[in-house]
Amino acid sequence: MKKNKKTHSNKPVLIDLFAGAGGLSIGFEQAGFKLVAATDWDHWSCETLRANHRNVFVAEGDINEVDLNDFAGKLSADEVDLIVGGPPCQGFSALGKRLKSDPRNQLWQQYMRFVEYFNPKVFLMENVPELLKSEEYVQIKRAAEKLGYQVREKILFAPDYGVPQKRRRAIILGSRIGEPKFPKPTHLLPGQLTLDNYRCVPWKSVRDVIGDLPLEPDGNNWHVGRNPTEKSLKRYKSVPPGGNRFNLPQDLMPDCWKRKKTGSTDVFGRLEWDKPSLTIRTEFFKPEKGRYLHPEAHRPITIREAARLQTIPDSYVLKGSHLEVAKQIGNAVPCELARNIGEELLKLFSTDSDSIKEKRIYRSTGFERLLAYQQP
Numbered sequence: 002m003k004k005n006k007k008t009h010s011n012k013p014v015l016i017d018l019f020a021g022a023g024g025l026s027i028g029f030e031q032a033g034f035k036l037v038a039a040t041d042w043d044h045w046s047c048e049t050l051r052a053n054h055r056n057v058f059v060a061e062g063d064i065n066e067v068d069l070n071d072f073a074g075k076l077s078a079d080e081v082d083l084i085v086g087g088p089p090c091q092g093f094s095a096l097g098k099r100l101k102s103d104p105r106n107q108l109w110q111q112y113m114r115f116v117e118y119f120n121p122k123v124f125l126m127e128n129v130p131e132l133l134k135s136e137e138y139v140q141i142k143r144a145a146e147k148l149g150y151q152v153r154e155k156i157l158f159a160p161d162y163g164v165p166q167k168r169r170r171a172i173i174l175g176s177r178i179g180e181p182k183f184p185k186p187t188h189l190l191p192g193q194l195t196l197d198n199y200r201c202v203p204w205k206s207v208r209d210v211i212g213d214l215p216l217e218p219d220g221n222n223w224h225v226g227r228n229p230t231e232k233s234l235k236r237y238k239s240v241p242p243g244g245n246r247f248n249l250p251q252d253l254m255p256d257c258w259k260r261k262k263t264g265s266t267d268v269f270g271r272l273e274w275d276k277p278s279l280t281i282r283t284e285f286f287k288p289e290k291g292r293y294l295h296p297e298a299h300r301p302i303t304i305r306e307a308a309r310l311q312t313i314p315d316s317y318v319l320k321g322s323h324l325e326v327a328k329q330i331g332n333a334v335p336c337e338l339a340r341n342i343g344e345e346l347l348k349l350f351s352t353d354s355d356s357i358k359e360k361r362i363y364r365s366t367g368f369e370r371l372l373a374y375q376q377p
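No gaps in the numbering here: position 297 of the sequence shown is 298 in the numbering used here, and each next residue is one more.
If you want it as structure tokens, here you go:
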């Protein structure tokens with residue numbers, strides 16, 4: 002690669018794979034990294050990335066078809082210090098019934114193709130917790146270790162890091178500049194606060210992040226929601242704080258719910274002001290999909306409220322229709338979780354000795370070599 006590009010010597014350089022709207026990128030840039038490139042197949046996610054990162058190369062399309070030599074030639078830096086990304090997880094998700102044959106289960110191979118080629122000092126892969134119990138994770142770890150990385154994995158609980166949302170994510174770290182470490186919790190459930198963890202503060206609540214927004218959506222900066230039918234509005238009004246579909250009177254309950262007297266207590270659930278929300282998914286605007294009714298107003302949460310529960314800054318530009326933006330928000334990694342991880346990883350770079358700061362060599366070996374890592 003030609004060495005005539007602008008470098009970012011004061012900040013470690015980052016590539017975000019399967020970036021979506023950029024939740025990981027937001028957090029890592031807040032922590033002190035510099036994003037230079039991102040990939041995603043979804044058009045509107047890429048438009049969101051372009052709107053917020055004018056000087057970042059965004060590769061839109063199937064990652065299987067990315068030519069790495071061409072990709073490297075479009076970067077605004079000569080070196081890549083960190084690769085982050087979350088290969089699509091539907092095939093591993095408990096919600097998706099863990100489909101072993103799902104082709105998305107193999108997208109980790111494309112992630113590792115980038116790691117092999119760019120040879121970053123550190124990489125981060127995030128996914129659903131179920132990934133860590135899979136055969137694919139055994140293969141991921143084996144491939145990374147053969148490339149010279151120390152690999153560590155952990156399931157992080159987002160409320161412990163300032164995210165007002167009960168979301169668990171598997172985080173896989175690989176480093177060739179020292180043992181990668183995970184951040185210590187910054188927030189705890191109030192009853193867990195002791196003299197030993199006195200530096201922590203209580204979990205953030207729904208009230209902490211959306212309490213200042215108008216109860217009646219004003220349409221400003223994505224503070225918009227659905228227009229409910231008369232029957233839907235009656236249903237919303239029947240659910241008390243912390244309640245759910247079991248609070249609906251018989252005349253408002255769908256027949257399928259009447260027949261199913263057991264099941265999830267989150268369906269048609271109402272959030273509580275002074276607790277974190279449950280996981281924000283892509284259809285948070287549909288209370289029949291989960292606990293997404295506003296704590297007080299008789300409506301589902303708005304797009305802006307969901308974005309705040311994901312700790313996406315109000316200033317971050319979101320592109321696309323309401324449905325497309327909702328999908329981007331639900332698929333994002335909470336930015337505050339990413340920032341905490343980024344700040345911990347930044348310590349590896351700050352202690353990186355001159356002996357480790359070798360000249361970076363991009364690898365030109367083929368994908369066939371990576372596939373061989375699946376064999377013991």
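Built from N, CA and C at the ideal position, the CB exists for glycine as well.
CA-CA distance, residue i and residue j?
i       : j       : result
Pro-301 : Asp-41  : 29 Å
Phe-286 : Ile-27  : 24 Å
Pro-250 : Glu-127 : 42 Å
Glu-344 : Leu-272 : 31 Å
Arg-282 : Val-129 : 13 Å
Val-67  : Phe-350 : 28 Å
Ala-307 : Asp-82  : 32 Å
Gln-140 : Leu-132 : 11 Å
Val-240 : Ser-316 : 33 Å
Met-113 : Ala-145 : 8 Å
Lys-290 : Gln-311 : 18 Å
Gly-220 : Val-326 : 14 Å
Glu-284 : Gln-107 : 25 Å
Lys-4   : Lys-75  : With a pLDDT of only 42 at Lys-4, under the threshold of 50, the placement of this residue in the model should not be trusted; the figure read from the coordinates follows. Going from the Cα of Lys-4 to the Cα of Lys-75 covers about 12 Å.
Asp-213 : Gln-111 : 42 Å
By a C-beta neighbour count over all protein chains shown, 10 Å radius and 16 as the cutoff for buried, is residue i buried or exposed?
i       : result
Lys-259 : exposed
His-188 : buried
Lys-348 : exposed
Lys-232 : exposed
Cys-257 : exposed
Leu-50  : buried
Val-202 : exposed
Gly-62  : exposed
Leu-346 : buried
Tell whether a beta-carbon distance below 7 Å holds between residue i and residue j.
i       : j       : result
Trp-223 : Ile-304 : yes
Ile-172 : Leu-194 : no
Ile-84  : Phe-124 : yes
Thr-230 : Asn-245 : no
Arg-208 : Asp-275 : yes
Tyr-118 : Leu-69  : yes
Leu-174 : Arg-143 : no
Glu-30  : Val-164 : no
Leu-25  : Ala-339 : yes
Pro-277 : Pro-186 : no
Ala-22  : Ala-333 : yes
Phe-269 : Pro-296 : no
Under 8 Å by Cβ, that's how I've got residue i and residue j pegged, so tell me the actual separation to the nearest angstrom.
i       : j       : result
Ser-176 : Lys-122 : 7 Å
Thr-280 : Lys-134 : Thr-280 to Lys-134, Cβ: 19 Å. No contact.
Pro-184 : Tyr-150 : So it is not a contact: roughly 19 Å between Cβ atoms.
Gly-331 : Trp-45  : Actually they do not touch by this definition, with Cβ atoms about 13 Å apart.
His-299 : Tyr-237 : 4 Å
Ala-52  : Val-318 : 4 Å
Val-210 : Arg-55  : With a Cβ gap of about 28 Å, Val-210 and Arg-55 do not count as contacting.
Phe-115 : Ile-178 : The Cβ separation is near 18 Å, so there is no contact.
I'd like to confirm something about residue i: is its beta-carbon nearer than 6 Å to some heavy atom of the ligand ATP, or not?
i      : result
Val-57 : Although the ligand ATP was asked about, the structure shown includes no ligands whatsoever.
Nearest chain C C-beta to residue i closer than 7 Å, yes or no?
i      : result
Asn-53 : The question asks about chain C, but that chain is absent: this structure has only one protein chain.
* To do: Please specify which runs of the beta strand (DSSP E), each continuous and at least 3 residues long, are wholly inside the stretch 110-140, giving them in chain order.
  => 123-128
* Asked: What runs of the alpha helix (DSSP H), each 4 residues or longer, lie entirely inside the stretch 226-295?
  -> Those alpha helix (DSSP H) runs which fall completely within the stretch 226-295 and span 4+ residues are 231-239 and 256-260.
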